[in-house]
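First the structure, in the form of structure tokens, and then the observations on it.
Protein chains: 2
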Amino acid sequence: MNRPSKAPSVTVSDVAREAKVSKATAARVLGGYGTVSETVRAAVLEAARALDYRPNELARSMTTGRSGSIGVVVGDIENPFFSLAVRGISDVARLSGINVILANSGEDVEAEKNAIRVLLAKQVDGLIVTPAQSGEIAHLKEIACPLALLDRALPELAVDTVTVDDRNAALRATRILTRAGHRRIAYVTAAMLSGDFRGAASRINTSTVRERILGFIEACREADIEGAERNIHFGSGRSESAHALMQRLLKSAERPTAILASDSVVALELFKAIRECGLSIPQDISLITFHDADWTSVTTPPITVIDQPVYALGKSVAELLIRRLKGDDRPPERIVLPTTIIERMSVGPSEA
Amino acid sequence: MNRPSKAPSVTVSDVAREAKVSKATAARVLGGYGTVSETVRAAVLEAARALDYRPNELARSMTTGRSGSIGVVVGDIENPFFSLAVRGISDVARLSGINVILANSGEDVEAEKNAIRVLLAKQVDGLIVTPAQSGEIAHLKEIACPLALLDRALPELAVDTVTVDDRNAALRATRILTRAGHRRIAYVTAAMLSGDFRGAASRINTSTVRERILGFIEACREADIEGAERNIHFGSGRSESAHALMQRLLKSAERPTAILASDSVVALELFKAIRECGLSIPQDISLITFHDADWTSVTTPPITVIDQPVYALGKSVAELLIRRLKGDDRPPERIVLPTTIIERMSVGPSEA
DNA sequence: TTTTCTTGTGAGACCGGTCTCAATTGTGAA
DNA sequence: TTCACAATTGAGACCGGTCTCACAAGAAAA
Numbered sequence: 638m639n640r641p642s643k644a645p646s647v648t649v650s651d652v653a654r655e656a657k658v659s660k661a662t663a664a665r666v667l668g669g670y671g672t673v674s675e676t677v678r679a680a681v682l683e684a685a686r687a688l689d690y691r692p693n694e695l696a697r698s699m700t701t702g703r704s705g706s707i708g709v710v711v712g713d714i715e716n717p718f719f720s721l722a723v724r725g726i727s728d729v730a731r732l733s734g735i736n737v738i739l740a741n742s743g744e745d746v747e748a749e750k751n752a753i754r755v756l757l758a759k760q761v762d763g764l765i766v767t768p769a770q771s772g773e774i775a776h777l778k779e780i781a782c783p784l785a786l787l788d789r790a791l792p793e794l795a796v797d798t799v800t801v802d803d804r805n806a807a808l809r810a811t812r813i814l815t816r817a818g819h820r821r822i823a824y825v826t827a828a829m830l831s832g833d834f835r836g837a838a839s840r841i842n843t844s845t846v847r848e849r850i851l852g853f854i855e856a857c858r859e860a861d862i863e864g865a866e867r868n869i870h871f872g873s874g875r876s877e878s879a880h881a882l883m884q885r886l887l888k889s890a891e892r893p894t895a896i897l898a899s900d901s902v903v904a905l906e907l908f909k910a911i912r913e914c915g916l917s918i919p920q921d922i923s924l925i926t927f928h929d930a931d932w933t934s935v936t937t938p939p940i941t942v943i944d945q946p947v948y949a950l951g952k953s954v955a956e957l958l959i960r961r962l963k964g965d966d967r968p969p970e971r972i973v974l975p976t977t978i979i980e981r982m983s984v985g986p987s988e989a
Numbered sequence: 638m639n640r641p642s643k644a645p646s647v648t649v650s651d652v653a654r655e656a657k658v659s660k661a662t663a664a665r666v667l668g669g670y671g672t673v674s675e676t677v678r679a680a681v682l683e684a685a686r687a688l689d690y691r692p693n694e695l696a697r698s699m700t701t702g703r704s705g706s707i708g709v710v711v712g713d714i715e716n717p718f719f720s721l722a723v724r725g726i727s728d729v730a731r732l733s734g735i736n737v738i739l740a741n742s743g744e745d746v747e748a749e750k751n752a753i754r755v756l757l758a759k760q761v762d763g764l765i766v767t768p769a770q771s772g773e774i775a776h777l778k779e780i781a782c783p784l785a786l787l788d789r790a791l792p793e794l795a796v797d798t799v800t801v802d803d804r805n806a807a808l809r810a811t812r813i814l815t816r817a818g819h820r821r822i823a824y825v826t827a828a829m830l831s832g833d834f835r836g837a838a839s840r841i842n843t844s845t846v847r848e849r850i851l852g853f854i855e856a857c858r859e860a861d862i863e864g865a866e867r868n869i870h871f872g873s874g875r876s877e878s879a880h881a882l883m884q885r886l887l888k889s890a891e892r893p894t895a896i897l898a899s900d901s902v903v904a905l906e907l908f909k910a911i912r913e914c915g916l917s918i919p920q921d922i923s924l925i926t927f928h929d930a931d932w933t934s935v936t937t938p939p940i941t942v943i944d945q946p947v948y949a950l951g952k953s954v955a956e957l958l959i960r961r962l963k964g965d966d967r968p969p970e971r972i973v974l975p976t977t978i979i980e981r982m983s984v985g986p987s988e989a
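Chains as they are written, first to last, in the working numbering: chain A, 638 to 989; chain B, 638 to 989.
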């Protein structure tokens with residue numbers, strides 16, 4: 638086995654010769670199209686078995702124009718949020734006999750562009766993307782095959798989109814914090830901001846980020862907290878700089894008494910940073926995070942989370958995309974899935 | 638944008654016509670092979686730009702026989718162990734301009750067979766597999782392209798393989814437990830066992846599982862613990878039945894005072910089950926797990942783990958496979974990466 | 001100046017399938 | 001018995017690239 642060189646693969650012609658029929662006929666039974674008599678069908682099948690014929694999907698795709706696979710571009714496959722969503726996508730795809738080519742953008746637009754280019758060159762039938770940045774979406778606009786957006790909507794892009802009710806989720810979560818008496822509340826996200834923020838949330842194009850911020854600000858406003866915009870911290874992923882940023886935040890005189898984290902990776906980093914600073918949850922600081930990652934229930938204290946239907950998120954985009962692949966041409970749909978908040982033990986009353 | 642129907646894609650011929658050269662010449666500059674004069678090259682490039690030519694990777698693959706992509710079949714992409722290994726693979730692949738088609742086997746042999754069939758039909762240049770079961774490997778033997786094994790070796794299969802020193806790791810971890818005075822120690826793994834076990838570890842074909850068990854038994858033997866074989870529990874994944882199995886284990890009269898878990902997913906389930914049973918770590922029960930998953934350091938108490946170089950594991954197999962893709966034909970290599978144990982707070986002295 | 005290489009280019013086969021179209025045969029209807 | 005029509009089958013074009021081969025032209029060598 639394992640001859641790295643050429644695999645003298647068996648083709649339809651070989652099978653046809655063996656079965657003593659024309660290439661066209663053999664192709665018909667092997668490809669499962671057209672009409673063939675039972676006798677001939679049996680003969681061809683037998684010949685195929687004898688020769689151990691395996692169809693060349695590439696050749697098939699070339700003529701049909703369909704490759705039977707979809708491309709998925711996510712920010713970071715290591716983030717359990719995406720792993721789970723991808724599972725949802727894969728499961729649905731498998732049921733339709735479609736397979737998934739996965740690409741990682743690392744939340745970098747250039748990598749994203751490149752991944753899309755490669756996937757398109759591979760003739761994927763459709764694409765599911767979690768756009769890394771909001772500013773640059775020209776490359777998404779010019780995609781000539783069905784496209785669906787996962788978790789992050791782009792208002793300028795009229796395509797199938799599945800998100801969660803981020804704004805409302807952020808609003809409710811923040812309210813839990815304000816009602817516990819907190820007034821110095823920070824929102825910490827891994828998202829990068831292109832350009833300057835200065836409170837103009839409407840300028841943020843990525844829906845997920847914008848909506849959450851709007852919800853956060855709204856809750857703060859309800860509680861008469863001013864300048865909530867200043868407590869929004871971008872770019873807090875798993876990097877060195879992010880860690881430093883968190884340390885600075887936690888050690889500042891204006892240290893927040895409560896934090897809302899945009900995903901479980903950020904939350905875990907925050908959790909560690911909080912501990913490193915000798916602070917404790919929820920006495921010194923309260924924490925709520927998006928995504929009910931599996932570890933959030935086993936920490937001490939367990940973390941209050943915004944439970945997003947992540948698997949369903951993946952499942953839904955995949956269904957939307959596949960439906961479109963099958964020729965459906967309704968106007969683009971924007972599905973918003975509901976979230977629930979699981980209150981655990983990481984929120985305490987404000988000391989201040 | 639987004640016409641789901643036909644994309645009247647621009648071909649080499651179109652570019653050739655536009656540039657007023659032959660198809661062969663246009664193909665030469667577009668494909669980057671052969672020799673072309675500067676003038677003509679510029680003209681073709683210009684025409685390609687004007688027409689927005691995008692190569693059809695499929696067509697290219699068909700003639701060259703190489704698809705420029707490798708297939709990766711892992712047990713469960715949701716398991717952080719695999720996500721991280723896949724990251725390692727992707728990163729290496731990207732550097733070589735190769736992309737990765739990912740498939741999930743769900744640790745099921747039939748799904749694995751199917752995934753491999755599909756990937757092969759898509760003409761992947763090589764395969765990286767984490768074999769789900771040890772018994773059935775016929776489908777792996779007959780793979781006609783370079784194959785590399787990730788994390789699990791198969792002695793009968795002479796192909797490039799990268800694993801960790803499972804036996805030694807299990808040995809050292811178990812010793813920590815025996816030296817703390819534990820005598821009722823359980824090894825809990827998600828692996829399924831085909832057929833009966835009855836202590837004949839040598840009958841287990843999957844190296845990872847077998848080696849760990851051997852290391853575990855060896856350590857028990859060193860400490861004069863008899864019947865360690867009876868304390869090995871298979872099939873403890875994330876399923877309902879697994880949960881029931883854990884509950885039973887923890888509530889039995891012969892409840893172990895220490896547990897070694899085969900991966901972080903199993904460990905997390907165990908951690909929850911232990912808590913549900915009203916037991917505490919490390920007072921009532923000690924716990925060590927394979928894989929330094931990120932959450933293991935934030936629980937109370939933090940978990941002692943066997944730190945596997947997961948990213949390097951992925952990186953190495955990918956390098957091995959790609960080297961072979963490039964024509965290297967040395968005999969198959971079996972790389973064993975070292976592990977280290979990170980002692981945290983989940984191991985205490987035995988009460989018994 | 002003639003011969004021998006290079007170098008650049010075009011024509012056309014080929015990869016392994018799908019699919020159109022025409023030809024052949026068999027069948028029930030007229 | 002004759003004809004329209006359905007069912008089967010084969011021949012060959014085609015998808016969009018790559019690649020071999022022959023040939024022309026200019027450069028270097030004799």
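Where is the CB? At the ideal position from N, CA and C, for every residue including glycine.
Keep in mind the model is a prediction, meaning the values are calculated, not measured.
- By alpha-carbon distance to Pro-939/B, the top candidate from Gln-945/B, Gly-743/B, Ser-923/B, Leu-756/B is Ser-923/B.
- The DSSP-derived three-state label of Gly-763/B is strand.
- Taking the Cα positions, Gly-951/A is about 27 Å away from Leu-787/B.
- For the set Cys-914/B, Leu-695/B, Thr-811/B, Ala-827/B, the Cα lying nearest the Cα of Ile-862/B is the one of Thr-811/B.
- Under DSSP, Ala-740/B takes part in a beta bridge, and its partners are Val-710/B.
- For Phe-927/B, the enclosing beta strand (DSSP E) covers residues 923-927.
- Judged by DSSP secondary structure, Thr-976/B falls outside any beta strand (DSSP E); it is assigned neither H nor E.
- In the three-state reduction of the DSSP assignment, Asp-788/B falls in the coil class.
- Taking a Cβ-Cβ threshold of 9 Å, the residues of chain B close to Ser-704/A are Leu-695, Lys-759, in chain order.
- In this structure, the alpha-carbon of Leu-974/B lies about 25 Å from that of Gly-743/B.
- The three-state secondary structure of Thr-672/A, taken from DSSP, is coil.
- Restricting attention to alpha helix (DSSP H) runs no shorter than 4 residues, the segment 927-982 of chain B encloses them at 947-962, ordered along the chain.
- About 7 Å separates the Cβ atoms of Pro-692/A and Leu-667/A, confirming a contact at the 8 Å cut-off.
- Residue burial is scored here from C-beta neighbours: Pro-946/A has at least 16 other C-beta atoms within 10 angstroms and is therefore classed as buried.
- Within its own chain, the residues whose Cβ lies closer than 8 Å to the Cβ of Val-723/B, once the five positions on either side in sequence are excluded, are Val-709, Val-711, Ile-714, Val-737, Leu-739, Gly-951, listed in chain order.
- Interface with chain B (8 Å Cβ-Cβ cutoff): Ile-972/A is excluded.
- In the structure shown, Asp-797/B falls within a strand segment according to DSSP collapsed to helix, strand and coil.
- Taking a Cβ-Cβ threshold of 7 Å, the residues of chain B close to Pro-692/A are Ala-758, in chain order.
- Leu-907/A is positioned such that its CB atom lies closer than 8 Å to that of Val-825/A.
- In summary, Met-883/B is buried, with 16 or more beta-carbon neighbours lying within 10 Å of its beta-carbon over all protein chains present.
- Contact annotation: Ile-943/A and Ala-785/A have beta-carbon atoms that are not nearer than 8 Å.
- By the 16-neighbour rule on beta-carbons within 10 angstroms, Ala-890/A is exposed.
- DSSP, reduced to helix, strand and coil, places Ile-813/B within a helical segment of the structure shown.
- Here the segment 742-760 of chain A makes contact with the segment 691-705 of chain B; the two share three or more CB pairs at distances below 8 Å.
- Ala-955/A is outside the set of residues whose beta carbon lies under 8 Å from a beta carbon in chain B.
- Inter-residue distance for Tyr-670/A and Ser-650/A is about 17 Å (C-alpha atoms, whole angstroms).
- Looking at the DSSP output, His-870/B sits in a beta bridge with Val-825/B.
- The beta carbons of Arg-804/A and Glu-848/A sit about 4 Å from each other, so the pair counts as a contact at 8 Å.
- Against chain A, the CB of Met-883/B has no partner CB under 8 Å away; the residue lies outside that interface.
- In this structure the segment 789-804 of chain A touches the segment 959-978 of chain A; the number of beta carbon pairs closer than 8 Å is three or more.
- The beta carbon of Arg-820/A sits no closer than 8 Å to any beta carbon of chain B.
- Between Glu-980/B and Thr-941/B, the C-beta spacing is below 8 Å.
- Note on Ser-953/B: 16 or more other CB atoms within 10 angstroms of its CB, so buried under the neighbour-count rule.
- For Ser-698/A, the chain B residues whose Cβ falls inside 8 Å of its Cβ are Leu-695, in order along the chain.
- In this structure, DSSP gives Ile-896/A an extended state, which the three-state scheme calls strand.
- Ser-934/B and Thr-933/A have their C-alpha atoms roughly 12 Å apart.
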